[in-house]
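In the numbering used here, the protein residues as written are 2 to 140. All C-beta atoms in this analysis are idealised placements derived from N, C-alpha and C, irrespective of residue type, glycine included. Keep in mind that this is a model prediction, so the values were computed, not measured.
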């Protein structure tokens, strides 16, 4: 198995509160070699530039707070909350059973990782609105 597979299927910790999410974002070094992967889009072949990572974090934070209208976060998961290397972010509009156990858990909407990602081959195409949002981030 690959490092990506091990991280994707391994134990992850949830960022439960919005306050915790605010602090979590500050622990991500944008220049640390992050791959930004929107599940359903082509897999990136190289890490994103620091400016792209910073823009992604800012836009993702805004999207989650706008579209996940709950008093808790609970849809961002990481291998380590203090020094993450692998982060799954579930799309607020396609949650299914994102926590707990399921025989067929939904794929995350986005992954930030410091190892090369692999194509997760979603069952359905990425919604057009999400494609436009993703592509607008990077021109």
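To test your reading of the DSSP string, which unbroken alpha helix (DSSP H) runs of 4 or more residues are found completely within the region 2-89?
Annotation: the region 2-89 contains the following complete segments of the alpha helix (DSSP H) (minimum length 4 residues), in chain order: 4-10, 19-27, 51-68.
Under three-state DSSP, which class holds residue 138?
Correct three-state label for residue 138: helix.
Beta-carbon proximity check, residue 1 vs residue 87, cutoff 9 angstroms
The first residue shown for the chain is 2 and the last is 140, placing residue 1 beyond what the model contains.
Does the distance from the CB of residue 37 to the CB of residue 16 come in under 9 angstroms?
Cβ distance not < 9 angstroms, so residue 37 and residue 16 don't count as in contact.
Just checking my contact of residue 118 with residue 5 at CB under 8 angstroms: how many whole Å lie between their CB atoms?
6 angstroms
Nearest neighbour of residue 121, chosen from 110, 129, 115, 131 [CA to CA]
110
Applying the 10 Å Cβ sphere with the 16-neighbour rule, what's the burial state of residue 85?
Per the 10 Å Cβ criterion, buried.
Quick check: the Cα distance between residue 138 and residue 43, rounded to an integer number of angstroms?
15 angstroms
Member of 79, 112, 9 whose CA lies at the smallest distance from the CA of residue 28
79
Candidates 63, 31, 131: which alpha carbon is nearest residue 52's?
When only C-alpha atoms are compared, the closest one is 31.
Which one of 47, 81, 127 has the shortest CA to CA distance from residue 11?
81
CB-CB under 7 angstroms to residue 33, same chain, minus the five flanking residues each way: which ones, in chain order?
So the qualifying residues of the chain are 115.
Residues of its chain near residue 46, where Cβ-Cβ distance is below 6 angstroms and the 5 sequence neighbours each way are ignored
Closer than 6 angstroms at Cβ, skipping near neighbours: no residue.
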